[in-house]
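Data first, discussion second: the structure below is written as structure tokens.
Residue numbers (the numbering used here): 11 to 155.
Okay, structure coming up:
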């Protein structure tokens, strides 16, 4: 059962560490991130966490499963309707449990995914697997909204 603690995993694409007040300031001047700074005071803040693989989808796949994605083997299927043909952008393999699956169900947590990465919502990718609910924030890349 859940411990009563909340778990919020926030993932940003292309955000420099020194552009969030909690981590310091960039050389060009002060950056204002008051809401993130408040969240950080009540949270576990990682100062030495590095992506196992890049870019967006491979990094998330590693975070969601705890499995290495690099050197991009296993799970890189070429599924019909999936336009991304890049190494590491394959679906989460069915035999790999996701964080949402482990926390939900018997873990006792209610899980939600909110993202603007539309590749995560393709049925063939398995990124929404295990979440109780999900919301796709439209308007990124070529999505006219």
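Note that CB positions come from ideal geometry on N, CA and C, so glycine has one too.
Between the C-alpha atoms of residue 118 and residue 31 there is a straight-line separation of about 33 Å. With contacts defined as CB atoms closer than 8 Å, residue 110 and residue 141 qualify as a contacting pair. Under the three-pair Cβ rule at 8 Å, the stretch 58-76 does not count as touching the stretch 37-47. C-alpha of residue 28 to C-alpha of residue 120: approximately 32 Å in a straight line.
In summary, residue 16 is exposed, with fewer than 16 beta-carbon neighbours lying within 10 Å of its beta-carbon over all protein chains present. With a threshold of 16 other beta carbon atoms within 10 Å, residue 38 falls short and is exposed.
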